[in-house]
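Numbering (this note's numbering), first residue to last: -10 to 487.
In structure tokens, the structure reads:
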């Protein structure tokens, strides 16, 4: 934990304020962003990322991000705010531990977080806290120092309601920048504050209310979630996060990380381009979404077939699943779309709050389960591009200003996806310069999420500049992951990393 003197310094520099969360913040208010940054001590420096300089620069950076020192409060169902009280700050959890392994061992394991001993305690993709007091730490940091001073891992977990990944990278870069200043002999008194803003009014200033009814995709996502969404919205943030975290544990979710090379992506681009009937521009994200969409749908179908053929228990399990969920004819694929490049305003560059909406891509299950020919890839890629291009100012306006009532609206997309087995959600982190965070000793060797993600969630990750291509981190049941790795399309273009 931070010392009393560090807490007093924060108290002096931070003003009391109350910031109401907007609909984009509320839609991710149940989640955290748990990320590892792994740094290798390349030249064996004795003062490599020293404990004192990391702590001092962390405290200095926090002074520019006061919401991380606040408390998440629910004033009424469906409406939360961050209360920053400089007489009673919510001091982040900050600890440093000594690992018994060498950094080279972690590198040999392809940065699989499993060998990290000791590792981050109670890490969860859901925002949890004390059920007795209701207290929730909005920011947690664990510094893991490796044997023989061979490297350092920074694990950071921040409440998603405060920042999106753009805001998280701004914070990490600011922490690293101040650390470099201190390494160069500068004093904290002479460091000028950065231009970042957490003013939620920026979005409402830049985005006018919608003029037309919401698009079909949004209507689908916000369909009434029944008693479950109303109950989840009624719960306090602490109880909501704790119950969801517990359900995640019982789901038996595991994670795997895969790599798709630049050459494989270029081959897929050519296949799609040569078989496209629309001539649309297809991005790397469109290609990744298309491959994951097809492979996931086919893996679920293969898993169901295996259950049916495994005997009475498998047949009964499948029957119960279909009795509860029906047999959807549509595969639901959700992925994020950033508002920043679509609004194109300088104010959003330094805005740390959430500025991301969700795209819902709907493809027929029957289509996705056809043989994975170049024509099928081209068709799904075209459908993906059409969905992305549909995120216009009107779509964004509904996401930002139109999604404010009823009170359980922000929980409905989560419940909607829970009720559909034929689904996948992805988050695309490839557009963020995650490898830019340099504390003065070079960029990280690897940046990636914690393994404890929700089931049926994939993350597209940027790779180290020396590697190229992208990583795909997937969390799901062992059975689903087994069938993904047996899929012919997947095996041809993607290889397992850990």
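Where a beta carbon is used, it is the ideal one built from N, C-alpha and C, also for glycine.
- request: Using three-state DSSP, classify residue 414 as helix, strand or coil.
  value: Along the chain shown, read from residue 1 onward, the residue named residue 414 stands at position 425. Residue 414: strand per DSSP, three-state reduction.
Span separating the alpha-carbon of residue 322 from that of residue 138: Numbered from its first residue, the chain shown carries residue 322 at position 333. Numbered from its first residue, the chain shown carries residue 138 at position 149. Distance between the alpha carbons of residue 322 and residue 138: 44 angstroms.
- prompt: Hey, residue 450 and residue 459 are a contact pair by Cβ (cut 8 angstroms); roughly how many whole angstroms apart?
  reply: Locating residue 450 in the chain shown gives position 461, where the first residue counts as 1. Locating residue 459 in the chain shown gives position 470, where the first residue counts as 1. Right, their Cβ atoms sit about 6 angstroms apart.
task: Could you check what DSSP says for residue 352 in three-state terms: helix, strand or coil?
output: As a working note, residue 352 is residue 363 in the chain shown. Here residue 352 sits in strand by DSSP.
query: Are there 16 or more other CB atoms within 10 angstroms of the CB of residue 120, so buried, or fewer, so exposed?
result: Mapped onto the chain shown, residue 120 falls at position 131. Exposed, by the Cβ-count rule.
- prompt: Looking at the unbroken alpha helix (DSSP H) that takes in residue 228, where does it start and where does it end?
  reply: Looking up residue 228 in the chain shown gives position 239. From DSSP, the alpha helix (DSSP H) with residue 228 extends over 226 to 239.
- prompt: Who pairs with residue 484 in a beta bridge, going by DSSP?
  reply: Translated into positions along the chain shown, residue 484 becomes position 495. Looking at the DSSP output, residue 484 bridges to 248.
field: Bridge partners - residue 27, DSSP secondary structure assignment
entry: Here residue 27 is taken as the residue at index 38 of the chain shown, counted from 1. Looking at the DSSP assignment, residue 27 forms a beta bridge with 142 and 435.
- prompt: Among residues of its own chain, excluding the 5 on either side of residue 168, which ones have a beta-carbon nearer than 7 angstroms to its beta-carbon?
  reply: Position 179 of the chain shown, counting from 1, holds the residue named residue 168. Result list for residue 168: 42, 43, 46, 428 and 429, in chain order.
- request: May I ask you to report which of helix, strand or coil DSSP gives residue 65?
  value: Here residue 65 is taken as the residue at index 76 of the chain shown, counted from 1. Note: residue 65 maps to strand in three-state DSSP.
- prompt: Are the beta-carbon atoms of residue 342 and residue 152 separated by less than 9 angstroms?
  reply: Taking the chain shown and counting its residues from 1, one reaches residue 342 at position 353. Taking the chain shown and counting its residues from 1, one reaches residue 152 at position 163. A contact, by the Cβ cut-off of 9 angstroms.
query: What does residue 133 pair with, by DSSP beta-bridge criteria?
result: Position 144 of the chain shown, counting from 1, holds the residue named residue 133. Answer is 86 and 142, bridged to residue 133.
- request: Assess, as a yes-or-no matter, whether the stretch 151 to 166 is touched by the stretch 13 to 31 under the definition of 3 or more beta carbon pairs within less than 8 angstroms.
  value: Taking 8 angstroms as the limit for Cβ pairs, the verdict is that the stretch 151 to 166 does touch the stretch 13 to 31.
query: Mapping DSSP to helix, strand and coil, what is residue 37?
result: In the chain shown, the residue the question calls residue 37 occupies position 48. DSSP places residue 37 in the coil class of the three-state scheme, outside both helix and strand.
Where the beta strand (DSSP E) containing residue 319 begins and where it ends: If you number the chain shown from 1, residue 319 lands on position 330. Run containing residue 319: 319 to 327, per the beta strand (DSSP E) assignment.
message: Tell me whether the stretch 47 to 59 and the stretch 73 to 80 touch, counting them as touching only if at least three CB pairs, one residue from each stretch, are closer than 8 angstroms.
response: yes
- request: Spell out the partners DSSP gives residue 449 in its beta bridges.
  value: Working through the chain shown from its first residue, we reach residue 449 at position 460. BP columns for residue 449 point to 417 and 461.
task: In angstroms with no decimal places, state the Cα-to-Cα distance between residue 95 and residue 486.
output: The residue labelled residue 95 in the question sits at position 106 within the chain shown. The residue labelled residue 486 in the question sits at position 497 within the chain shown. Rounded to the nearest angstrom, the two C-alpha atoms are 13 angstroms apart.
- prompt: Pick from 258, 90, 396 and 371: whose alpha carbon is nearest that of residue 215?
  reply: In the chain shown, the residue the question calls residue 215 occupies position 226. Closest by alpha carbon: 396.
- prompt: Do the CB positions of residue 257 and residue 276 come within less than 9 angstroms of each other?
  reply: On the chain shown, position 268 is the one that residue 257 refers to. On the chain shown, position 287 is the one that residue 276 refers to. Yes, the Cβ-Cβ distance between residue 257 and residue 276 is below 9 angstroms.
- request: Assuming residue 71 and residue 10 form a contact by the criterion Cβ under 8 angstroms, report the distance between their Cβ atoms to the nearest whole angstrom.
  value: Taking the chain shown and counting its residues from 1, the one referred to as residue 71 is at position 82. Taking the chain shown and counting its residues from 1, the one referred to as residue 10 is at position 21. Yes, residue 71 and residue 10 are in contact; Cβ-Cβ is about 7 angstroms, under 8 angstroms.
field: Inter-stretch contact at 8 angstroms, needing at least 3 Cβ pairs: the stretch 238 to 249 / the stretch 337 to 354
entry: no
task: Grab me the residues of residue 91's own chain with a C-beta within less than 7 angstroms of its C-beta, minus the 5 sequence neighbours each way, in chain order.
output: Locating residue 91 in the chain shown gives position 102, counting from the first residue. Within the same chain, residue 91 has close Cβ partners 135, 136, 137 and 139.
message: Taking the alpha-carbon of residue 150 as reference, which of 62, 436 and 478 has the nearest alpha-carbon?
response: Counted from its first residue, the chain shown places residue 150 at position 161. The option with the nearest alpha carbon to residue 150 is 62.
task: With DSSP collapsed to three states, give me the class of residue 6.
output: In the chain shown, residue 6 corresponds to position 17, counting from 1. If DSSP states are grouped into helix, strand and coil, residue 6 belongs with the strands.
DSSP three-state assignment for residue 98, whether helix, strand or coil: In the chain shown, counting from the first residue as 1, residue 98 sits at position 109. Three-state DSSP puts residue 98 in coil, outside helix and strand.
- request: Indicate the three-state DSSP secondary structure (helix, strand or coil) for residue 370 in the structure shown.
  value: Indexing the chain shown from 1 puts residue 370 at position 381. Helix.
query: According to the Cβ coordinates, are residue 431 and residue 31 closer than 9 angstroms?
result: Stepping through the chain shown from its first residue, residue 431 is reached at position 442. Stepping through the chain shown from its first residue, residue 31 is reached at position 42. Contact flag set, yes.
field: Per DSSP, cross-strand counterpart(s) of residue 175
entry: Position 186 of the chain shown holds residue 175. Residue pairing by DSSP places residue 175 in no beta bridge whatsoever.
message: Would residue 52 and residue 2 qualify as a contact pair, given that the criterion is a beta-carbon distance under 9 angstroms?
response: Numbered from its first residue, the chain shown carries residue 52 at position 63. Numbered from its first residue, the chain shown carries residue 2 at position 13. It is a contact, given that the beta carbons lie within the stated cut-off.
query: Where does residue 127 sit, in a helix, a strand or coil, going by DSSP?
result: Start at 1 with the first residue of the chain shown, and residue 127 comes out as number 138. Residue 127: coil per DSSP, three-state reduction.
query: In the DSSP assignment, what residue or residues form a beta bridge with residue 345?
result: In the chain shown, counting from the first residue as 1, residue 345 sits at position 356. DSSP, once it has assigned bridges, lists 327 as partnering residue 345.
- request: Check residue 161 in the structure and name its three-state DSSP category.
  value: Stepping through the chain shown from its first residue, residue 161 is reached at position 172. Note: residue 161 maps to helix in three-state DSSP.
message: Quick check on the DSSP output: the alpha helix (DSSP H) that includes residue 469 runs from which residue to which?
response: Position 480 of the chain shown, counted from the first residue, corresponds to residue 469. It spans 467 to 475 - the alpha helix (DSSP H) in which residue 469 sits, taken as one unbroken run.
- request: Out of 401, 435, 479 and 362, state which residue places its alpha-carbon closest to the alpha-carbon of residue 102.
  value: Your numbering for residue 102 matches position 113 in the chain shown. Of 401, 435, 479 and 362, the residue nearest in Cα terms is 435.
query: Does the distance from the C-beta atom of residue 83 to that of residue 280 stay below 9 angstroms?
result: Mapped onto the chain shown, residue 83 falls at position 94. Mapped onto the chain shown, residue 280 falls at position 291. No. Outside cutoff.
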